[in-house]
Amino acid sequence: MSILLLGADGQVGYELQRAFAPLGKIEACTISGRLPDGSACTQIDFTHAGSLACLVAQRRPTLVLNAVAHTQVDRAEDEPELAQRINADAVGELAQACAAHDAKLVHYSTDYVFGGDGSRPWREDDATAPLGVYGRSKLAGEEAVRASGCRHLLLRTAWVYGVRGSNFLRTMLRVGASRDELTVVADQIGSPTPARQIAAATALAHARRPEASGTWHLVADGQCSWHEFATAIFTRAVAAGLLERAPRVRAIASTDYPTKARRPAYSRLDTSRFADDFRLQLPDWREGLAQVIAEWVEARAA
Numbered sequence: 180m181s182i183l184l185l186g187a188d189g190q191v192g193y194e195l196q197r198a199f200a201p202l203g204k205i206e207a208c209t210i211s212g213r214l215p216d217g218s219a220c221t222q223i224d225f226t227h228a229g230s231l232a233c234l235v236a237q238r239r240p241t242l243v244l245n246a247v248a249h250t251q252v253d254r255a256e257d258e259p260e261l262a263q264r265i266n267a268d269a270v271g272e273l274a275q276a277c278a279a280h281d282a283k284l285v286h287y288s289t290d291y292v293f294g295g296d297g298s299r300p301w302r303e304d305d306a307t308a309p310l311g312v313y314g315r316s317k318l319a320g321e322e323a324v325r326a327s328g329c330r331h332l333l334l335r336t337a338w339v340y341g342v343r344g345s346n347f348l349r350t351m352l353r354v355g356a357s358r359d360e361l362t363v364v365a366d367q368i369g370s371p372t373p374a375r376q377i378a379a380a381t382a383l384a385h386a387r388r389p390e391a392s393g394t395w396h397l398v399a400d401g402q403c404s405w406h407e408f409a410t411a412i413f414t415r416a417v418a419a420g421l422l423e424r425a426p427r428v429r430a431i432a433s434t435d436y437p438t439k440a441r442r443p444a445y446s447r448l449d450t451s452r453f454a455d456d457f458r459l460q461l462p463d464w465r466e467g468l469a470q471v472i473a474e475w476v477e478a479r480a481a
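180 is the number of the first residue of the sequence shown in my numbering; add one for each residue after it.
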């Protein structure tokens, strides 16, 4: 199987290269033409119309893994055209190219396609109601994939983090090392999900049911607030020797931390369909955090 991996330098893309390596030959692509280790790879820019269709036509891959996204939620409010281009228009072009050349597309979306006013985990067929530019652009990308007619594995995930990239865990460890007290919102609920687990589950799902096509939710089991997640991060980090001491984490309301983009208050995703269809379920978010902290310790020691 020939695999085209787009966004190989992102936190999910990096893990996808590892997870899919046993399944076929991977051609990694990034916007810079470089991988995280500095080695050269194929250069591709989602802002250039036609470039993705040309790449797919030239390579004729069996499978396309798209890990590219504009994920800066607040910044998207200031640059909606760019968010729309990367998260929707380019995705549509990619999906149409996959349909034309019979390539299956793996694409990731977000919990932010929902409004967050529910009281139970969101199911795949629940009504969407994104609150900001980021969520609307990701929803438009989903719709473009479905409209293209290509075979696809569309996975909504949430609160993604890991040892690499820009994410909540890395931010907390950085600021926690220099502050005695932090304030973190406690009224937004979701499921922190490690990038490595997302990639591993994606590879296993494809290997188990390569013919499967549709939309599924893929997040860690359980739920917590950002405040609970931050507290757990510091507890684990101190125990692992990553921090000398844990700062005090004070809970605040979202109204006390205004941002340009509105966030959903409750965005936990229901993963029952994924578990039933692929016989896979990610562990509780606390177990995922323990694994990522252990990975961080191992990386520091290397």
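Glycine included, C-beta positions come from ideal geometry on N, C-alpha and C.
Taking 8 angstroms as the cut-off, does the segment 228-245 touch the segment 276-295 (at least 3 CB pairs, one atom from each stretch)?
yes
Validate contact between the segment 185-200 and the segment 373-387 using beta carbons, cut 8 angstroms, 3 pairs:
yes
Of the residues F225, W464 and R302, which one's Cα is nearest the Cα of Q402?
W464
Which whole-angstrom value describes the C-beta separation of V247 and L185, a residue pair presumed to lie in contact below a C-beta threshold of 8 angstroms?
5 angstroms
A399 beta carbon less than 8 angstroms from that of P437
no
Buried or exposed, going by whether 16 or more other CB atoms sit within 10 Å of the CB of G294?
buried
On the CB-based measure, 16 or more other CB atoms within 10 Å of its CB, does A219 come out buried or exposed?
exposed
Have a look at V312 and E256 and give me their C-alpha separation to the nearest angstrom.
6 angstroms
Alpha carbon of A337 to alpha carbon of M351, nearest angstrom
18 angstroms
If we count Cβ pairs, one from each stretch, closer than 8 angstroms, do we get three or more for the segment 420-435 versus the segment 352-366?
yes
Only counting the same chain, and skipping five residues up and downstream in sequence, which positions put a Cβ closer than 8 angstroms to that of R238?
S181, L183 and E206
Would you list the one or two residues that DSSP bridges to H331?
L284
Cα-Cα separation, E322 to A481
43 angstroms
Give the DSSP-derived three-state secondary structure of E206 in the structure shown.
strand
Unbroken stretches of the beta strand (DSSP E), 3 residues or longer, contained in the segment 363-400
393-396
Return the bridge partner residues of W301 from the DSSP annotation.
L448
Considering only residues of the segment 212-262, which uninterrupted beta strand (DSSP E) runs meet the minimum length of 3 residues and lie entirely inside it, listed in chain order?
242-245
Could you tell me which of R343, E272 and T226 sits nearest to E260, measuring between CA atoms?
T226
Quick one: what does DSSP say V354 is sitting in, helix, strand or coil?
helix
Bounding residues of the beta strand (DSSP E) (the contiguous stretch that carries I472):
I472 -> not in any beta strand (DSSP E); alpha helix (DSSP H) instead, spanning W464 to A480.
Helix, strand or coil: which one does DSSP assign to T414?
helix
Skipping 5 residues on each side, what residues in its chain have a beta carbon closer than 8 angstroms to that of S433?
V364, D366, Q367, R442 and A444
So, at 8 angstroms on beta carbons, what are the nonlocal neighbours of K317 in its own chain, with the 5 sequence-adjacent residues on each side left out?
A248, N266, A267, S288, T289, Y291, V292 and P309
Let me confirm a value: C233 is counted as buried when at least 16 other C-beta atoms fall within 10 Å, else exposed. Which label applies?
exposed
Residues of its chain near R388, where Cβ-Cβ distance is below 8 angstroms and the 5 sequence neighbours each way are ignored:
D456 and F457
What are the boundary residues of the beta strand (DSSP E) that includes V428?
R427 to I431
Report yes if the CB atom of A374 is closer than 8 angstroms to the CB atom of Q190, and no otherwise.
yes
Does G328 pass the burial test, meaning 16 or more other C-beta atoms within 10 Å, or should it be called exposed?
exposed
When you measure from the CB of L244 to every non-hydrogen atom of the ligand COA, does any distance come out below 7 angstroms?
The ligand COA is not among the ligands present in this structure, which contains no ligands whatsoever.
Under 8 angstroms between the Cβ atoms of I412 and L348?
yes
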